[in-house]
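Enquirer: If you're matching positions, the sequence shown starts at 36 in our numbering and goes up one per residue.
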Amino acid sequence: MDFETKVIHAGVEPDPLTGAVMTPIYQTSTYAQESPGHHRGYEYSRTDNPTRTVLQTQLAELESATHTLVFSSGLASIDAVLNLLQAGDHVIAGDDLYGGTYRVFDKVAAHRGIAFSFVDLRDEAKLRQAFTQSTKLVWFESPTNPMMNVIDIRSVTQIAREHGALSAVDNTFMSPYFQRPLELGADISMHSMTKYLNGHSDVVMGALMIRDKEMKSPRKVWSDPDFSAPKTLYARLKFLQNAIGATPGPFDCFLVLRGIKTLAVRMQRHAENAGHIARFLESHPKVERVLYPGLESHPGHAIAERQTSGFGGMMTFFIRGGLPEARKFLENVKLFTLAESLGGVESLIEHPAIMTHASIPAEKRREIGILDNLVRVSVGIESANDLIADLDQALAKA
Ligand code: P1T
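Here it is, written out as structure tokens:
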């Protein structure tokens, strides 16, 4: 089945009880049992909910996953993966990540005794050097937020496998429409569904698409003699989803199911508009440099062409000057909304150093390249002409 058909039909059947064509919102916390322990597959909505089940089933089909689990935010899904680990374990993480991801690694998981090495994963030698006896996970984004670095997913996940580590790719920027990391060798593909998958800026939710596998025998934390540790990656994450309880409500699941129906057409338009805007910005005298993997000038263009079927709707650019010029420009856009987040139908624009990546220490931001004249754009699906006219008038004022 082609992707365009899957987003409408895969995993979504008329409701077995009523024939309702659209998945009903099962707005219930609990379910009647005929006898203690005898029920119809649903006991309590933290554990499972029928609306959520349909969403998880459809998501798995979109990304060639054996299973999908959804969470109440992208960060909650990342935290579930971190909970597979225990004190003493080591993680190799990409050096350019969403600020909140960096924060949960550096301020929360590190506090629990998990060690992190933040590495430029474009450099294979640096990746190989970073492994220790304790490395259990390699985590990265591609393209990265906000520097738009393209990481070779096939190569990095292969190297992780050679070292017996799990690999997880944050696929938020590309969506399953343009990139499917599990098909390139990753064990987990994570999404902030707050972005493209929902697509309408009205839900916060996360997902883990999983290629299930046997896990090594459980160690300390899983070895409570009264506790039979799940044996596979999916079973462990499913256990954590329920045990920690950061699950989304059925209404939000319904909204994402509704958003997914237009994922293919939205992504096509996002990418088409982004191509026009990237070329406009690249030729503008007030723009120093544009970072968009679809441009031939992008150092990761060839890898992106190999591992994605399109270049998405996200880009960053350096405006000539510094913070005053960036601020003036951002204060003057009219059609673009100055706001955090991305991936909605409406165009958003923001200043990573002050907004989305403020939780990364200033020194580290500078090392990665998140400078005061860096602007990030989430290109929406409006008319490209109108968007370009808006950027043009705001650049004139910068
Ligand atoms: O916001 P939440 O749904 O919890 O997802 C966190 C997250 C994870 N990964 C990536 C690549 C992300 O971009 C995000 C959230 N990002 C923004 C809010 C932003 O403006 O970049």
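Cβ atoms here follow ideal geometry from the backbone N, Cα and C, with glycine treated the same way.
Just reading off the beta strand (DSSP E) that Glu385 is part of, what are its end residues?
Expert: Here residue 385 corresponds to residue number 350 of the sequence shown, with the count starting at 1. First-last of the beta strand (DSSP E) with Glu385: 383-385.
Enquirer: Using C-beta distances below 6 Å, list every residue in its chain close to Asn367, excluding the 5 sequence neighbours before and after it, in chain order.
Expert: Locating residue 367 in the sequence shown gives position 332, where the first residue counts as 1. Excluding residues within five positions, the ones whose Cβ falls inside 6 Å are Ala429, Lys432.
Enquirer: Three-state secondary structure (DSSP) at Asp205?
Expert: Position 170 of the sequence shown, counted from the first residue, corresponds to residue 205. Residue state, collapsed to three classes: strand.
Enquirer: May I ask whether a heavy atom of the ligand P1T can be found less than 7 Å away from the beta carbon of Asn308?
Expert: By 1-based counting over the sequence shown, the position of residue 308 is 273. No, the beta carbon of Asn308 sits no closer than 7 Å to any heavy atom of the ligand P1T.
Enquirer: Sorry if obvious, but does the Cβ on Phe151 come closer than 7 Å to a heavy atom of the ligand P1T?
Expert: In the sequence shown, counting from the first residue as 1, residue 151 sits at position 116. Checking every heavy atom of the ligand P1T against the Cβ of Phe151, none is found closer than 7 Å.
Enquirer: Among Ala67, Tyr77, Ile60, Leu94, which has the Cα closest to the Cα of Lys296?
Expert: On the sequence shown, residue 296 is found 261 positions in, with the first residue counted as 1. If we check each option's Cα against that of Lys296, Leu94 comes out closest.
Enquirer: Please list, in chain order, all residues of the same chain as Ile403 whose beta carbon is under 8 Å from its beta carbon, the five residues on each side excluded.
Expert: By one-based count along the sequence shown, residue 403 stands at place 368. Here the set comprises Asp130, Asp131, Met182, Ile395.
Enquirer: Can you tell me which of the three DSSP states Thr167 falls into?
Expert: The residue given as residue 167 occupies position 132 in the sequence shown. Thr167: coil per DSSP, three-state reduction.
Enquirer: Would a C-beta distance cut-off of 8 Å place Ala144 and Leu117 closer than the cut-off?
Expert: Position 109 of the sequence shown holds residue 144. Position 82 of the sequence shown holds residue 117. For Ala144 and Leu117, yes; Cβs fall inside 8 Å.
Enquirer: When you compare the CB positions of Thr63 and Met244, do they come within less than 8 Å of one another, or not?
Expert: To locate residue 63, count along the sequence shown from 1; it is residue 28. To locate residue 244, count along the sequence shown from 1; it is residue 209. No; because the gap between Cβ atoms is not below 8 Å, this pair is not in contact.
Enquirer: Glu417 and Ser376 - do their beta-carbons sit closer together than 8 Å?
Expert: Taking the sequence shown and counting its residues from 1, the one referred to as residue 376 is at position 341. Taking the sequence shown and counting its residues from 1, the one referred to as residue 417 is at position 382. For Ser376 and Glu417, no; Cβs fall outside 8 Å.
Enquirer: Write down the C-beta distance between Phe208 and Glu176 rounded to the nearest angstrom, noting that I regard them as a contact closer than 8 Å.
Expert: On the sequence shown, residue 208 is found 173 positions in, with the first residue counted as 1. On the sequence shown, residue 176 is found 141 positions in, with the first residue counted as 1. Confirmed, about 7 Å.
Enquirer: Checking 8 Å against the spacing of the C-beta atoms, do Asn184 and Arg157 come in under that value?
Expert: Within the sequence shown, residue 184 is the residue found at index 149, counting from 1. Within the sequence shown, residue 157 is the residue found at index 122, counting from 1. Yes.
Enquirer: Which runs of the alpha helix (DSSP H) spanning at least 4 residues fall entirely within the region 54-132, listed in chain order?
Expert: Listed in chain order, the complete alpha helix (DSSP H) runs (minimum 4 residues) inside the region 54-132 are 85-97, 109-117.
Enquirer: Less than 6 Å between C-beta atoms, sequence neighbours within five positions excluded: which residues of the same chain meet that for Asp222?
Expert: Position 187 of the sequence shown, counted from the first residue, corresponds to residue 222. Closer than 6 Å at Cβ, skipping near neighbours: Leu201, Ser202, Arg246.
Enquirer: With hydrogens ignored, establish whether the beta-carbon of Asp130 is closer than 7 Å to any heavy atom of the ligand P1T.
Expert: By one-based count along the sequence shown, residue 130 stands at place 95. Asp130: no, Cβ never under 7 Å from the ligand P1T.
Enquirer: Indicate whether Ala299 and Met350 have their beta-carbon atoms separated by less than 8 Å.
Expert: Counting from 1 along the sequence shown, the entry for residue 299 is found at position 264. Counting from 1 along the sequence shown, the entry for residue 350 is found at position 315. Contact flag unset, no.
Enquirer: Are Gly241 and Gly109 close, meaning C-beta to C-beta below 8 Å?
Expert: To locate residue 241, count along the sequence shown from 1; it is residue 206. To locate residue 109, count along the sequence shown from 1; it is residue 74. Yes. Within cutoff.
Enquirer: Let me check one thing: in DSSP terms, what residues is Met225 bridge-paired to?
Expert: Sequence index remark: in the sequence shown, residue 225 carries index 190 (1-based). Asp205, Leu243, per the DSSP bridge assignment.
Enquirer: When you compare only the Cα positions, how much space is there between Gly134 and Arg411?
Expert: What you label residue 134 is simply residue 99 of the sequence shown in a count that begins at 1. What you label residue 411 is simply residue 376 of the sequence shown in a count that begins at 1. Near 14 Å, if we compare the C-alpha coordinates of Arg411 and Gly134.
Enquirer: Closer than 8 Å by C-beta to Val154: which residues in its own chain qualify, once you throw out the five before and the five after it? Chain order, please.
Expert: Here residue 154 corresponds to residue number 119 of the sequence shown, with the count starting at 1. Once the five neighbours on either side are set aside, the close Cβ partners of Val154 are Ile127, Ala128, Gly129, Asp130, Lys161, Leu162, Ala165.
Enquirer: Is Gln79 buried or exposed, if buried means 16 or more other CB atoms sit within 10 Å of its CB?
Expert: Residue 79 sits at position 44 when you count from the first residue of the sequence shown. Here residue 79 turns out to be Tyr, not Gln, going by the sequence shown. Classification for Tyr79: exposed.
Enquirer: Threshold first: 4 residues or longer. Then list the alpha helix (DSSP H) segments lying entirely within the region 281-360, N to C.
Expert: Within the region 281-360, the complete alpha helix (DSSP H) runs of at least 4 residues are 285-295, 298-317, 336-342.
Enquirer: Cutting at 7 Å between CB atoms, please list the residues of its own chain near Gln91, excluding the five before and the five after it.
Expert: Mapped onto the sequence shown, residue 91 falls at position 56. So the qualifying residues of the chain are Thr103, Leu104, Val105.
Enquirer: Where does the unbroken alpha helix (DSSP H) through Ala150 begin, and where does it stop?
Expert: In the sequence shown, the residue the question calls residue 150 occupies position 115. From DSSP, Ala150 is part of no alpha helix (DSSP H) but of the beta strand (DSSP E) over 150-154.
Enquirer: Relative to the alpha-carbon of Tyr137, which residue among Thr343, Pro59, Lys399, Ser413 has its alpha-carbon at the smallest distance?
Expert: To locate residue 137, count along the sequence shown from 1; it is residue 102. If we check each option's Cα against that of Tyr137, Lys399 comes out closest.
Enquirer: I need the DSSP call for Glu249, collapsed to helix, strand or coil.
Expert: Position 214 of the sequence shown, counting from 1, holds the residue named residue 249. Here Glu249 sits in strand by DSSP.
Enquirer: Tell me the DSSP secondary structure of Val380 in three-state form.
Expert: Here the question's residue 380 lines up with position 345 in the sequence shown. Three-state DSSP puts Val380 in coil, outside helix and strand.
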